[in-house]
Each structure stands twice: as structure tokens, then as C-alpha cells.
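J.:
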Amino acid sequence: MPIEDLDPAKLDARELALLVKATSTDELRELMSGSRRRAVLDTVLARMPGVFRSDRAGGTSAVVHWKIGDGPDGAVDVYEIVIDGGTCALSAAPQRQPKLTLTVGAVDFLRMVTGNAHPVTLTMKGRLKTKGDLALTARFPHMFDVPRV
Numbered sequence: 028m029p030i031e032d033l034d035p036a037k038l039d040a041r042e043l044a045l046l047v048k049a050t051s052t053d054e055l056r057e058l059m060s061g062s063r064r065r066a067v068l069d070t071v072l073a074r075m076p077g078v079f080r081s082d083r084a085g086g087t088s089a090v091v092h093w094k095i096g097d098g099p100d101g102a103v104d105v106y107e108i109v110i111d112g113g114t115c116a117l118s119a120a121p122q123r124q125p126k127l128t129l130t131v132g133a134v135d136f137l138r139m140v141t142g143n144a145h146p147v148t149l150t151m152k153g154r155l156k157t158k159g160d161l162a163l164t165a166r167f168p169h170m171f172d173v174p175r176v
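Residue numbering for the sequence shown follows this note's numbering, beginning at 28 and increasing consecutively.
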């Protein structure tokens, strides 16, 4: 399936991961700066509670904000994840003070959440910026089952 026909709601996590892996940076950039950006982000982020591993989160209680850049006209989409009591909930309308803020470009975000880029590598290259609780920063990626491709 060509990326321009992407309907993330019709793909499972592994299919999406394989499609992202096979797609060039330019094509992903075009997708993530176009009219379907919000649908892709909403679908991918809505799946995060389903891949949340409460056994790995332990007693973590935290609010995490994702700031995903490279939108049309420089827009940044902000999503909020609340981890508490062994659960993970998502909001596209952040309302709480974050314990951790993750700022990343849209293509790198898509690659990271599909298992095609590693968060530590992105951080070392300055493409994933973190602000807040350093211990949570280190634990956060391990709280989710990311597809392996």
C-alpha cells in the first residue's frame, strides 16, 4: 500500500510499522505535514493505552506531554498521556502540568512509535528533546510494547 493511501485505522501496529519502514523520509514528511496528519496522530496515539505495560510501569504516576512538530505552517500538536494506578489514558486536549515533556518532529515520532527509530538514538542526535523528570525519561519507553520490525 502506498503511503498516500494510508488509513492507519485499517492497519494493525505491525502493518503500520512495516509501511513506515518501507517509506522514504520525504514521503513521510509529506504525509505528516498534510491533511491526514491529525488522523494519523490520533490513531497512533489512541493505540498507546492498548500497548501500555502496567507491569513495567509499577507505581508510576505521571503526566506526559507529547509535542509533535513539523505540522502545516509550523504547527505543533500536543497530546497528554496520564499514567496512574496501572492505567494509561490519552487526551488530545492537555490540561495538566506535565512531569515530562517529549518534543519531536512528526517523522521521527512516527518512526519511533512504530519501532523504526530508537528514542535514545533520537535523543543523542538532538531530534527528541526531553524536559522534566530524568528518571521517568529513562523508564517511559519501556512502559509500552513497541512493534518490532
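Note that beta-carbon positions come from the ideal geometry of N, C-alpha and C, so glycine has one too. None of the values given here were measured: they were computed from a predicted structure.
#1: Compare the C-alpha of Val131 against each of Pro125, Ala116, Leu43, Val140 and name the closest.
#2: Name the DSSP beta bridge partners of Glu57, please?
#3: Using 8 Å for Cβ pairs, my map puts Ala133 next to Arg64. What's the rounded Cβ distance?
#4: Compute the distance between the beta-carbons of Thr87 and Leu163, then report whether it is under 9 Å.
#5: Would you call Met59 buried or exposed, if buried means 16 or more other Cβ atoms sit within 10 Å of its Cβ?
#6: Which whole runs of the beta strand (DSSP E) in the stretch 77-125 are 3 residues long or more, in chain order?
#7: In three-state DSSP terms, what is Val176?
#8: Let me make sure I understand the geometry here. Which of Gly98, Tyr106, Asp39 has the alpha-carbon closest to that of Leu72?
#9: Report the rounded CA-to-CA distance for Lys126 versus Phe167, giving the unit in angstroms.
#10: State the start and end residues of the unbroken alpha helix (DSSP H) segment that holds Lys156.
#11: Would you list the one or two residues that DSSP bridges to Val134?
#12: Starting from Asp69 and walking both ways along the alpha helix (DSSP H), at which residues does that stretch end?
#13: Taking only the alpha-carbon atoms, compute the straight-line gap between Asp179 and Gly113 and give it to the nearest angstrom.
#14: Please report the straight-line C-alpha distance between Pro99 and Gly61, rounded to a whole angstrom.
T.: Working from what's here:
#1: Position 104 of the sequence shown, counted from the start, is the residue given in the question as residue 131. Of the listed residues, the one whose Cα sits closest to Val131 is Val140.
#2: In the sequence shown, residue 57 corresponds to position 30, counting from 1. None; Glu57 has no bridge partner.
#3: Taking the sequence shown and counting its residues from 1, the one referred to as residue 133 is at position 106. Taking the sequence shown and counting its residues from 1, the one referred to as residue 64 is at position 37. About 7 Å; that satisfies the 8 Å criterion.
#4: In the sequence shown, residue 87 corresponds to position 60, counting from 1. In the sequence shown, residue 163 corresponds to position 136, counting from 1. The answer is yes: Cβ separation under 9 Å.
#5: Taking the first residue of the sequence shown as position 1, residue 59 is located at position 32. It counts as buried.
#6: 89-96, 104-111, 114-118
#7: Stepping through the sequence shown from its first residue, residue 176 is reached at position 149. Three-state DSSP puts Val176 in coil, outside helix and strand.
#8: Here residue 72 is taken as the residue at index 45 of the sequence shown, counted from 1. Per the Cα distances, Tyr106.
#9: In the sequence shown, counting from the first residue as 1, residue 126 sits at position 99. In the sequence shown, counting from the first residue as 1, residue 167 sits at position 140. Each residue's alpha carbon lies about 11 Å from the other.
#10: Locating residue 156 in the sequence shown gives position 129, where the first residue counts as 1. It is not in any alpha helix (DSSP H) - Lys156 instead sits in the beta strand (DSSP E) that spans 155-159.
#11: In the sequence shown, counting from the first residue as 1, residue 134 sits at position 107. Answer by DSSP bridge pairing: none, since Val134 is not bridged.
#12: The residue given as residue 69 occupies position 42 in the sequence shown. 64-73 is the span of the alpha helix (DSSP H), which, as asked, contains Asp69.
#13: Because the chain is modelled from 28 through 176, residue 179 falls outside the range shown and cannot be assessed.
#14: If you number the sequence shown from 1, residue 99 lands on position 72. If you number the sequence shown from 1, residue 61 lands on position 34. Near 7 Å, if we compare the C-alpha coordinates of Gly61 and Pro99.
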